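There are 2 protein chains.
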Amino acid sequence: MPSKILVVDDEAEIADLIEVYLNNENYKVFKFYSAKSALECINTTVLDLAILDVMLPDINGFTLCQKIRENHTYPVIILTAKDGEIDKINGLTLGADDYITKPFRPLELIARVKSQLRRYKQYNPSHSPYEKKDIIAHADLEMDVNAHKCLLGGRPITLTPTEFSILRILLENKGNVVSAEKLFHQIWQDEYYSKANNTITAHIRHLREKLNDTLDNPKYIKTIWGVGYKIET
Amino acid sequence: MPSKILVVDDEAEIADLIEVYLNNENYKVFKFYSAKSALECINTTVLDLAILDVMLPDINGFTLCQKIRENHTYPVIILTAKDGEIDKINGLTLGADDYITKPFRPLELIARVKSQLRRYKQYNPSHSPYEKKDIIAHADLEMDVNAHKCLLGGRPITLTPTEFSILRILLENKGNVVSAEKLFHQIWQDEYYSKANNTITAHIRHLREKLNDTLDNPKYIKTIWGVGYKIET
DNA sequence: GGGAAATTATTAAGATTTTATTAAGAGAGA
DNA sequence: TCTCTCTTAATAAAATCTTAATAATTTCCC
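Sequences listed follow chains A and B, in order.
For the record, in the first sequence the residue sitting at position 86 is 134 according to my numbering, with numbers rising by one throughout.
For the record, in the second sequence the residue sitting at position 10 is 58 according to my numbering, with numbers rising by one throughout.
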């Protein structure tokens, strides 16, 4: 399975150039010209590396990097036109793994990408392609994230996008409680959240219905009163 | 435990300078002016990172890097006077994790060191000296903060959010007395507190009930008269 | 030191508030 | 039109807080 790489740069020529070089190395590229459009990808796709430009029109690269770090540990390479030392140090401090100044030499970029991927995957068995999970399984539940399929005891059940996301997030945090607020923010980015909002509960109900979960003895989604929901390990 | 960093450079001033900066960050530095003398250290010491100059009198930095990679996976940063693209690409291809050209800015070097260590240790639990799990244990009590679980002698007991918070705060201050007022403020931020308020006491009672604590000889939550509550070490 | 008086803590039960579930239907978007 | 999402309102469940009575501990005055 080829590594999946996120590329975000508002200068289309540069993003396109990077894409060409990465494709040439057989990587799967997810290219975006704005941070906002990239955010959805970050929250729904299992990625292996991200290349972010700092100067984006909507959200800057540093912030985007932090957003990634909230839930992921794959390497992040920051690209920038500025060569300021402070900038570099900031970038690296905020969770980036490498910092490359424009204009860069494509082959060096590729070399740094390879180096980061080697560190991330080869030297770190838990991230290696063999154990890599685009398929999340738990008990007799099985989710194929890319295919957007969900099997319950071998039988397919149809989930709406939101239901799918909720179940995926809960499974990714298997064993830990996830608050309604966190679910909300993971799914709808940083929109306003209020406790009066009942949508998460509604979707949870639909999910439990489809999973045949009873409230008094739920097999999958447990309610932790006053805290959130969780799936037991 | 401070991270252990190998520094190899035949230019003594540079090696010494790096050592000063690294010591300043509380790293333990193993400094050598030649590759040969460094080799023994590589084979006998458990290191966390290596900074290697390319132009060494005896064995060049690339070779040294490969020697390290024969048995170790900790990050290697290559230093060089040359800014050639081919060199950089070679270095990164041969197993290095980063490549910095001289003259370099010390703070950038430090930032890159930190970034590499973060990747190596923090993002990769198997190398991390401390467990990442958020578990507080005391006697036959065990709290998993993320899972919002509490085990008493291996058996799960269900605590309400407030009870959970109180027990957590007491355990975090194990050995020290925590006043009712402090508990109150930790849990309900900076709301008004009055001694007439009996809520903390009520929750303490529920907690003791669930923990099977008797008042005359409490195993967990002791009352310090006129002061507060504490859990003995 | 002994013994009220004052202070502080515990207990228990039930009212209140908070939080979660349910169900049905309106609204948006394909 | 159909599915999905979100809202509303009613209901249910659980946790929290209050009250008041009781118990324990300290204070302090003789």
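Note that beta-carbon positions come from the ideal geometry of N, C-alpha and C, so glycine has one too.
Bear in mind the structure is a predicted one, so any value in this text is a computation, not a measurement.
Secondary structure, alpha helix (DSSP H): runs of 4+ residues fully inside the stretch 56-118 of chain B
60-72 and 83-92
Separation of residue 262 of chain B from residue 303 of chain A, as counted between CA atoms
In the structure as shown, chain A starts at 49 and stops at 281, and residue 303 of chain A therefore has no counterpart that could be examined.
Let me make sure I understand the geometry here. Which of B:194, B:242 and B:107 has the alpha-carbon closest to that of residue 85 of chain B?
Translated into positions along the second sequence, residue 85 of chain B becomes position 37. Out of B:194, B:242 and B:107, B:107 has the C-alpha closest to the C-alpha of residue 85 of chain B.
By the three-class DSSP mapping on this structure, what secondary structure does residue 265 of chain A have?
Taking the first residue of the first sequence as 1, we reach residue 265 of chain A at position 217. Note: residue 265 of chain A maps to coil in three-state DSSP.
Considering only their Cβ atoms, is the gap separating residue 95 of chain B from residue 52 of chain B smaller than 7 Å?
Taking the second sequence and counting its residues from 1, the one referred to as residue 52 of chain B is at position 4. Taking the second sequence and counting its residues from 1, the one referred to as residue 95 of chain B is at position 47. Yes, the pair counts as a contact, with Cβ atoms nearer than the cut-off.
Are the CB atoms of residue 79 of chain A and residue 61 of chain A within a distance shorter than 7 Å?
Along the first sequence, read from residue 1 onward, the residue named residue 61 of chain A stands at position 13. Along the first sequence, read from residue 1 onward, the residue named residue 79 of chain A stands at position 31. Not in contact: residue 61 of chain A and residue 79 of chain A (Cβ atoms no closer than 7 Å).
Per-residue contacts from residue 275 of chain A into chain B (C-beta, under 9 Å):
In the first sequence, residue 275 of chain A corresponds to position 227, counting from 1. Neighbours of residue 275 of chain A on chain B, chain order: 196, 209 and 212.
Counting pairs of beta carbons, one from the stretch 242-262 of chain A and one from the stretch 197-212 of chain A, are three or more of them closer than 8 Å?
yes
Which word fits residue 90 of chain B, buried or exposed, when buried means at least 16 other C-beta atoms lie within 10 angstroms of its C-beta?
Here residue 90 of chain B is taken as the residue at index 42 of the second sequence, counted from 1. By the 10 Å Cβ count, residue 90 of chain B comes out buried.
Mind checking which residues open and close the alpha helix (DSSP H) that includes residue 223 of chain A?
The sequence position of residue 223 of chain A within the first sequence is 175, counting from 1. Taken as a continuous stretch (DSSP letters only), residue 223 of chain A belongs to no alpha helix (DSSP H), as it is neither H nor E.
Considering only residues of the same chain and omitting the five flanking positions on each side of residue 182 of chain B, which have a CB-CB separation below 8 Å?
Walking along the second sequence from the start, residue 182 of chain B turns up at place 134. Excluding residues within five positions, the ones whose Cβ falls inside 8 Å are 192, 193 and 194.
How many whole angstroms separate the CB atoms of residue 189 of chain A and residue 268 of chain A, which I take to be in contact at a CB cut-off of 8 Å?
Numbered from its first residue, the first sequence carries residue 189 of chain A at position 141. Numbered from its first residue, the first sequence carries residue 268 of chain A at position 220. The pair is a contact, with the Cβ atoms about 7 Å apart (cut-off 8 Å).
C-alpha distance - residue 59 of chain A paired with residue 120 of chain A, whole-angstrom precision:
Taking the first sequence and counting its residues from 1, the one referred to as residue 59 of chain A is at position 11. Taking the first sequence and counting its residues from 1, the one referred to as residue 120 of chain A is at position 72. Whole-angstrom Cα-Cα distance: 26 Å.
Taking 7 Å as the CB-CB limit, is residue 136 of chain B close to chain A?
Looking up residue 136 of chain B in the second sequence gives position 88. Closer than 7 Å to some Cβ of chain A, the Cβ of residue 136 of chain B qualifies, so yes.
Closer than 7 Å to chain A by CB, residue 155 of chain B
Along the second sequence, one-based indexing puts residue 155 of chain B at 107. Output row for residue 155 of chain B: interface = yes.
Would you tell me roughly how many angstroms separate the C-alpha atoms of residue 280 of chain B and residue 270 of chain B, rounded to the nearest one?
Walking along the second sequence from the start, residue 280 of chain B turns up at place 232. Walking along the second sequence from the start, residue 270 of chain B turns up at place 222. Residue 280 of chain B and residue 270 of chain B: Cα-Cα distance of roughly 8 Å.
Is there a Cβ of chain A sitting closer than 7 Å to that of residue 216 of chain B, yes or no?
To locate residue 216 of chain B, count along the second sequence from 1; it is residue 168. Taking Cβ atoms only, chain A never reaches closer than 7 Å to residue 216 of chain B, which makes this a no.
Since residue 329 of chain B is in the alpha helix (DSSP H), which residue starts that stretch and which ends it?
The displayed coordinates of chain B run from 49 to 281. Any statement about residue 329 of chain B would go beyond what the structure contains.
Report back the beta-carbon spacing between residue 135 of chain B and residue 128 of chain B to the nearest angstrom; my notes put them in contact at under 8 Å.
Within the second sequence, the letter at position 87 stands for residue 135 of chain B. Within the second sequence, the letter at position 80 stands for residue 128 of chain B. Right, their Cβ atoms sit about 6 Å apart.
Do residue 276 of chain B and residue 228 of chain B count as a contact pair if the criterion is CB distance below 7 Å?
By one-based count along the second sequence, residue 228 of chain B stands at place 180. By one-based count along the second sequence, residue 276 of chain B stands at place 228. For residue 228 of chain B and residue 276 of chain B, yes; Cβs fall inside 7 Å.
Could one say the Cβ of residue 133 of chain B lies closer than 7 Å to chain A's Cβ atoms, at least one of them?
Sequence index remark: in the second sequence, residue 133 of chain B carries index 85 (1-based). At least one chain A Cβ lies under 7 Å of residue 133 of chain B.
Kindly indicate the opening and closing residues of the beta strand (DSSP E) around residue 159 of chain A.
As a first step, residue 159 of chain A must be located in the first sequence, where it is residue number 111. Per DSSP, residue 159 of chain A belongs to no beta strand (DSSP E); it is in the alpha helix (DSSP H), 154-165.
Mind checking residue 251 of chain B: buried by the 16 CB within 10 Å criterion, or exposed?
Locating residue 251 of chain B in the second sequence gives position 203, where the first residue counts as 1. By the neighbour-count rule (16 or more Cβ atoms within 10 Å), residue 251 of chain B is buried.
C-alpha distance - residue 36 of chain A paired with residue 104 of chain A, whole-angstrom precision:
Outside the shown range of chain A, which is 49 to 281, sits residue 36 of chain A, and nothing can be said about it.
Kindly indicate which three-state DSSP category residue 179 of chain B falls into: helix, strand or coil?
Indexing the second sequence from 1 puts residue 179 of chain B at position 131. Low local confidence applies: a pLDDT of 39 at residue 179 of chain B is under 50, so the model's placement there is unreliable, with the coordinate-based value given in what follows. Correct three-state label for residue 179 of chain B: coil.
Reduced DSSP category for residue 169 of chain A - H, G, I as helix; E, B as strand; rest coil
To locate residue 169 of chain A, count along the first sequence from 1; it is residue 121. Reduced to three states, the DSSP call for residue 169 of chain A is helix.
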